[in-house]
Amino acid sequence: MSLFNGLSAFPITPANEAGMVDTNALKGLLERLVHARVQSIGLLGSTGTYAFLSRSERKRAVEAAVTQVAGRTPLIVGVAALRTSEAIRLAKDAKETGADALLMAPMSYTPLMDEEVYQHYLAVAAATDLPLCIYNNPGTTNFKFSYKLIERLAKIETIQAIKMPLPADGDFKLELATLRENVPRDFSIGYSGDWGCPRAMLAGADSWYSVVAGILPEATLNLADIAASGNEKKMTEIEAIFKPLWVLFQEFGSLRVTYTIANLLLLTDAKPPLPILPLGKTEQDHIAAALEAFNVL
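Read in the numbering used here, the sequence shown has 15 at position 12, and its numbers run on one by one without any break.
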């Protein structure tokens with residue numbers, strides 16, 4: 004099975020106001036994911052605030068993660084950067100430090116064209132022999148991958164997966180069928196957007212790239228396994244436990260909510276990187292109430 008298949012848990016990267024990573028807190032978060040037996044860990048994704056960290060701090064985070072995980076769970080490392088040359092350096096850092104795979108979104112201040120994105124991925128994919136996952140995140144990059152571009156990129160040997168946003172019409176089966184017509188059989192298609200991903204797994208998606216699994220791994224893995232098994236009735240029952248949390252994710256952003264949960268669970272006292280502000284007391288109380296069903300407080 005591809006290391007891009009199954010539940011991939013994306014933790015926060017605790018850091019101080021100056022952007023220095025708290026490696027001890029990060030190791031504690033990662034150990035919980037390994038213990039829960041998630042299928043992979045997504046380090047330095049959007050939830051891992053990669054865009055707010057320097058190259059040296061990103062490397063420190065990868066070093067700490069590789070040391071703590073120690074090969075027990077595949078480690079997928081985000082290497083997105085504005086410049087192709089910097090993304091190449093980050094990919095090489097990840098490879099040299101011991102990452103198992105790479106994840107990259109097409110970051111840009113200036114809107115990119117398809118050929119520019121293709122050449123960007125081609126260069127980064129050629130920089131190492133690590134498998135690479137396309138991160139299709141138009142909500143933050145303002146770039147949406149066309150099916151034609153995905154087909155081109157999937158022909159590059161080391162590009163082996165894509166992390167998709169939830170389809171606007173909610174029709175996972177149609178989108179999966181369309182994508183699979185044009186990519187290799189072993190190319191992994193997964194989704195992010197926790198509130199829709201159980202349905203994606205039920206429809207046959209290969210993977211769930213999950214923010215909530217980065218902080219509540221056991222419960223999320225249980226839901227993912229049931230969804231992947233095709234048991235819609237049981238999935239719906241368990242999904243109901245998560246729904247108050249999904250509402251908060253959608254209202255306040257999963258990043259802010261996840262930092263609050265990490266603080267409530269005493270896993271770290273780190274706050275989101277400024278200018279992102281921590282949530283106030285009222286919102287924290289709502290999050291605590293949503294966590295009661297998980298029996299973690």
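Built from N, CA and C at the ideal position, the CB exists for glycine as well.
Could you give the distance in angstroms between the alpha-carbon of residue i and the alpha-carbon of residue j?
| i | j | result |
| --- | --- | --- |
| residue 151 | residue 67 | 38 Å |
| residue 143 | residue 190 | 24 Å |
| residue 35 | residue 221 | 9 Å |
| residue 54 | residue 39 | 27 Å |
| residue 302 | residue 76 | Since the displayed the chain opens at 4 and closes at 300, residue 302 lies outside it and no answer follows. |
| residue 22 | residue 56 | 6 Å |
| residue 49 | residue 9 | 19 Å |
| residue 100 | residue 69 | 7 Å |
Is residue i helix, strand or coil when you go by DSSP?
| i | result |
| --- | --- |
| residue 198 | coil |
| residue 163 | strand |
| residue 137 | strand |
| residue 57 | coil |
| residue 241 | helix |
| residue 291 | helix |
| residue 18 | strand |
| residue 299 | coil |
| residue 186 | coil |
| residue 179 | helix |
| residue 114 | coil |
| residue 256 | coil |
Round the Cβ separation of residue i and residue j to the nearest angstrom and send it over; I've been treating them as touching at under 8 Å.
| i | j | result |
| --- | --- | --- |
| residue 80 | residue 102 | 4 Å |
| residue 2 | residue 162 | Outside the shown range of the chain, which is 4 to 300, sits residue 2, and nothing can be said about it. |
| residue 214 | residue 257 | 4 Å |
Bridge partners of residue i, per DSSP?
| i | result |
| --- | --- |
| residue 211 | 10, 194 |
| residue 78 | 44 |
| residue 107 | 137 |
| residue 24 | 18 |
Any heavy atom of the ligand MG within a distance shorter than 7 Å of the CB on residue i?
| i | result |
| --- | --- |
| residue 126 | No copy of the ligand MG appears in this structure; indeed no ligand is present at all. |
Apply the 10 Å Cβ neighbour rule to residue i and answer buried if 16 or more other Cβ atoms are within range, or exposed otherwise.
| i | result |
| --- | --- |
| residue 204 | buried |
| residue 187 | exposed |
| residue 160 | exposed |
| residue 96 | buried |
| residue 193 | buried |
| residue 19 | exposed |
| residue 238 | buried |
| residue 254 | exposed |
| residue 280 | exposed |
| residue 90 | buried |
| residue 51 | buried |
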